[in-house]
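Read the structure below first, then the notes.
In UniProt numbering, the protein residues as written are 1 to 306.
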């Protein structure tokens with residue numbers, strides 16, 4: 001989440017309806033005492049593309065590991081521009097994490113050596129809130145998903161990450177250029193951010209929440225009352241009219257995914273909101289499909305994976 005124009009802006013969220021319970025394999029671990037806001041603990045390894053961006057050992061934003069061509073390793077992460085707009089020195093990308101307080105052998109860390117935010121990113125309006133990060137070494141994917149993306153292992157609940165099995169490092173799929181997500185499609189957002197609006201404590205456990213994608217005009221009308229313009233080509237809104245479920249500060253840059261034919265697809269990047277999970281003010285996400293040509297150009301220019 002972030003702060004914008006004196007208003008508390010909850011900055012909450014690439015290609016591979018129903019209730020949250022329908023979104024297998026994103027099933028809860030079993031207890032629901034902690035929340036992203038209104039969510040539950042994710043099963044270990046069920047978001048094998050998610051990245052924790054850390055500075056001096058502290059989590060501050062999320063990100064998503066993406067594929068470089070058809071290679072089985074990647075040194076590229078997508079996140080929100082506002083996460084790295086002030087610089088990316090001493091930023092570490094952690095892949096394969098679940099409980100940030102108790103690292104396991106499944107985690108892999110790499111230093112961010114370069115961050116390129118969209119040239120038209122506007123920190124005042126949060127337009128074009130997307131950035132590509134280059135890592136100092138490639139992250140190798142799990143061999144069981146060769147050539148695939150967005151694959152999430154279904155696994156039994158209440159297992160520690162080192163016992164759960166499944167994939168721990170898998171790239172997320174990118175959407176087709178210009179692809180649109182239908183109204184009321186259920187999406188899932190995950191992260192280690194704040195668990196309540198106005199709170200101070202981030203979750204050490206990876207949390208998830210299901211939210212429906214909303215009709216653009218409804219989202220635009222809601223934010224107009226706040227003096228904020230929502231651009232349909234660059235942004236999408238997701239949440240419930242009554243609030244209660246949302247990303248929050250610390251989830252910024254993380255993935256909003258929708259299940260596609262080949263795997264889970266990164267349709268949104270956590271960008272902003274007014275507070276967290278407030279009624280009539282859904283979370284706003286960068287619409288990834290609007291930026292596919294730019295993303296591909298940055299991958300080609302930045303990646304050293306050959």
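From the three backbone atoms N, C-alpha and C, an ideal C-beta is built for every residue, glycine too. Note that the structure is predicted; figures quoted are calculated from it, not measured.
Beta-bridge annotation (DSSP): residue 190 is paired with 208. With fewer than 16 other Cβ atoms inside 10 Å of its own Cβ, residue 124 counts as exposed. Residue 213 is positioned such that its CB atom lies no closer than 7 Å to that of residue 170. The continuous stretches of beta strand (DSSP E) do not include residue 121, and DSSP gives it neither H nor E.
Taking the Cα positions, residue 281 is about 40 Å away from residue 71.
Of all alpha-carbon atoms in 205, 89 and 65, the one lying nearest the alpha-carbon of residue 79 is that of 65.
With a beta-carbon spacing of about 16 Å, residue 110 and residue 131 fall beyond the 8 Å limit used to define contacts. Each residue's CA atom was taken as its position, placing residue 262 and residue 206 some 24 Å apart. Here the stretch 270 to 279 lies against the stretch 233 to 250, with 3 or more beta-carbon pairs under 8 Å apart. Between residue 256 and residue 187, the C-beta gap is smaller than 7 Å, which places the two residues in contact. Under the Cβ criterion (8 Å, minimum of three pairs), the stretch 127 to 141 counts as touching the stretch 285 to 301. The Cβ-Cβ distance between residue 75 and residue 135 falls below 7 Å. In the structure shown, residue 252 falls within a coil segment according to DSSP collapsed to helix, strand and coil. Within 10 angstroms of the beta-carbon of residue 101 lie fewer than 16 other beta-carbons, which makes it exposed.
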